[in-house]
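For reference, the structure is listed below as structure tokens.
Residue numbers (full-length UniProt numbering): 1 to 282.
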């Protein structure tokens, strides 16, 4: 108790910021999600589940949830697979590896909107990618490829940061364990599967949680590249929420924001719990 009292004055500013900028807006959003609130009338009245039923009747909610979940799975899988591969290749500390680490980390410093606009230009039918490949493919305009391409752009944006976390995890593995496994006759794949991967559990838990939560609440990259198109193939929840807000349907936008929060809790919490359990049980 004495230690807690000593730290409370230092933690109080952070607590106030969290309450003002996160907790209070969330509670207000919950209220507005069940209210009739538009730009066409001054009154804000309780309407229960009408906002959600309207979104369902317009086929907006189901499609947005599906797109968001698929996009989150793609981002999580691509980012962690690419980042772990890069971390294994760049684990050793050397001048050339330091240069490559810095190069892969650079996209993290670019704003998501800027990254989206850059890639929209590169992937245009007359852009640099098609010129290099000798194609005329509309990478962001085809329903079959749009969501996957946007997920790859998101991976390009954030994989450098995820790679550094994996490198830190790899460097924390005691060399004696790897040497013992080598002496026992374990090959590279066996060492990775039996020693390296289990010891990376804390880094894996962190990276999976970060990539999943980030992708479930994605907006910037999608807005800058496809705007939710073609059709509704990349219309994630936050994209629809922004469109509803721009059209003056503030109650529906709040309902979508509340849905994003529930979706993050429903997917991230069980997954992180399972990964944390795996850290303990192996």
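Glycine included, every Cβ here is placed at the ideal spot set by N, Cα and C.
Once the 5 residues before and after residue i are set aside, which same chain residues still bring their CB inside 6 angstroms of it?
i	result
residue 125	136 and 138
residue 97	90
residue 141	230
residue 101	90
Considering just the uninterrupted stretch of the alpha helix (DSSP H) at residue i, what are its terminal residues?
i	result
residue 242	237–246
residue 188	188–191
residue 220	220–225
residue 179	175–183
residue 57	50–57
residue 214	201–216
residue 102	95–105
residue 156	146–171
residue 314	Not covered by the structure: residue 314. The range shown for the chain is 1 to 282.
What does DSSP give as the partner residues of residue i in its beta bridges?
i	result
residue 36	45
Quick one: using the 10 Å Cβ neighbour count with 16 as the cut-off for buried, is residue i buried or exposed?
i	result
residue 13	exposed
residue 56	exposed
residue 49	exposed
residue 154	buried
residue 249	buried
residue 203	buried
residue 265	exposed
residue 58	exposed
residue 103	exposed
residue 15	exposed
residue 240	buried
residue 228	buried
For residue i versus residue j, is the C-beta spacing smaller than 9 angstroms?
i	j	result
residue 86	residue 200	no
residue 170	residue 88	yes
residue 158	residue 214	yes
residue 251	residue 53	no
residue 253	residue 245	yes
residue 234	residue 67	yes
residue 210	residue 150	no
residue 216	residue 181	no
residue 26	residue 190	no
residue 223	residue 242	yes
residue 74	residue 165	no
Apart from the five residues on each side of it in sequence, which residues of its chain come closer than 7 angstroms, Cβ to Cβ, to residue i?
i	result
residue 107	115, 156, 157 and 160
residue 231	143
residue 258	29, 30 and 33
residue 283	This structure leaves residue 283 out entirely; the chain is present only between 1 and 282.
residue 119	153 and 225
residue 78	151, 152 and 155
residue 238	217, 218, 219 and 260
Does the beta-carbon of residue i, which I'm using as the reference point, lie nearer than 8 angstroms to any heavy atom of the ligand NAD?
i	result
residue 38	Ligands in the displayed structure: none, and consequently the ligand NAD is not present.
Could you pull out every residue in the same chain whose Cβ sits closer than 8 angstroms to the Cβ of residue i, ignoring the five residues on either side in sequence?
i	result
residue 195	173, 177, 178, 181 and 186
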